[in-house]
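In my numbering, the protein residues as written are 7 to 275.
#1: Evaluate residue 200 with the Cβ neighbour count: other Cβ atoms within 10 Å of its Cβ, from every protein chain shown; 16 or more gives buried, anything less gives exposed.
#2: Take residue 143 as the anchor and find which of 115, 120, 126 and 234 has the nearest alpha-carbon.
#3: Could you tell me the distance, in whole angstroms, from the CA atom of residue 229 to the CA atom of residue 123?
#4: What first and last residue would you give for the beta strand (DSSP E) that runs through residue 160?
#5: Jot down the residue ranges of each uninterrupted beta strand (DSSP E) in the segment 183 to 259, minimum 3 residues, whole runs only, in chain order.
#6: Quick one: residues in its chain with C-beta nearer than 6 Å to the C-beta of residue 91, no 5 flanking neighbours on either side, listed in chain order?
#7: Ignore the nearest five residues each way along the sequence and tell me which others in residue 204's own chain have a CB closer than 6 Å to its CB.
#8: Using a Cβ-Cβ distance cut-off of 8 Å, determine whether residue 257 contacts chain C.
#9: Identify every residue that forms a DSSP beta bridge with residue 172.
#10: Are there 16 or more other CB atoms within 10 angstroms of the CB of residue 128, so buried, or fewer, so exposed?
#11: In chain order, what residues of the same chain lie with their CB nearer than 6 Å to the CB of residue 208, ignoring the 5 residues before and after it?
#12: Specify, as a first and last residue, the run of the alpha helix (DSSP H) that residue 134 falls within.
#13: Mapping DSSP to helix, strand and coil, what is residue 22?
#14: Could you spell out where the alpha helix (DSSP H) holding residue 110 opens and where it closes?
#15: For the segment 72 to 83 against the segment 155 to 166, are there 3 or more C-beta pairs whose distance is under 8 Å?
#16: Have a look at 174, 262 and 236 and flag the residue whose alpha-carbon is nearest the alpha-carbon of residue 27.
#17: Mapping the DSSP letters down to three states, classify residue 149 as helix, strand or coil.
#18: DSSP has residue 41 in a bridge; who is on the other side?
#19: With distances taken Cα to Cα, identify the nearest neighbour of residue 44 among 55, 176 and 57.
#20: Indicate whether residue 29 and residue 41 have their beta-carbon atoms separated by less than 8 Å.
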């Protein structure tokens, strides 16, 4: 559990510095903190990633997501399945219940977009725009979209696969090292799995660098497969074996000891 006072607000990381036996975090308010290790779980625009790999910005994938959350009662008795994904030639949309009580519905519809010019993480959308994007889809779907409210539009960004997740005493986790397109709804799950595996590696391997290499060797194959499927947007499009994804338990999954030659090859790519 997080202890009171262990979270510091109003600190924006600007640099990391390697020291003898430690790593220093430098913040924009002038504060400097020395630590044994740094875990960069700071998202797709990770500052820690700039230290570990590079400062290249994430890439816009040429699509945006229209999102809405609204009470089921807005359907006025119209019944829908728990979850249905609708595919078109260049777009798809997924409405599903957010709670076991089925009292709230989430809709995400992804459509092509030539560019994204806003600096904001999202912009306001509209029910009319959402319906227009899927006007040629089934009437059952349109009934759901007519009930939508508070629609927002989000750009979709990702990065090319990266097999270098650590440098010295700094290591990356979640979207900082493997941002996912949202087509498997797997980004959050992969970050939680990362955290569980990294915790086990640090608990069983004394040297941080060795623990990081074990973490990378264990996680990269699985995460890369999820990234590949997410990019293809092929999850559940046909008969799909889902056990490898949903039955994975990071608390008991075997840890992979790194092959030095293979890790060197991956990092050089």
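Here a beta-carbon is modelled for each residue, glycine too, at the ideal position from N, C-alpha and C.
Result, derived from the coordinates:
#1: buried
#2: 115
#3: 30 Å
#4: 158 to 164
#5: none
#6: 100
#7: 221
#8: The structure shown contains no chain C; it holds only a single protein chain.
#9: 177
#10: exposed
#11: 217
#12: 133 to 139
#13: strand
#14: Here residue 110 belongs to no alpha helix (DSSP H); instead the beta strand (DSSP E) covers 110 to 118.
#15: yes
#16: 174
#17: helix
#18: 29
#19: 176
#20: yes
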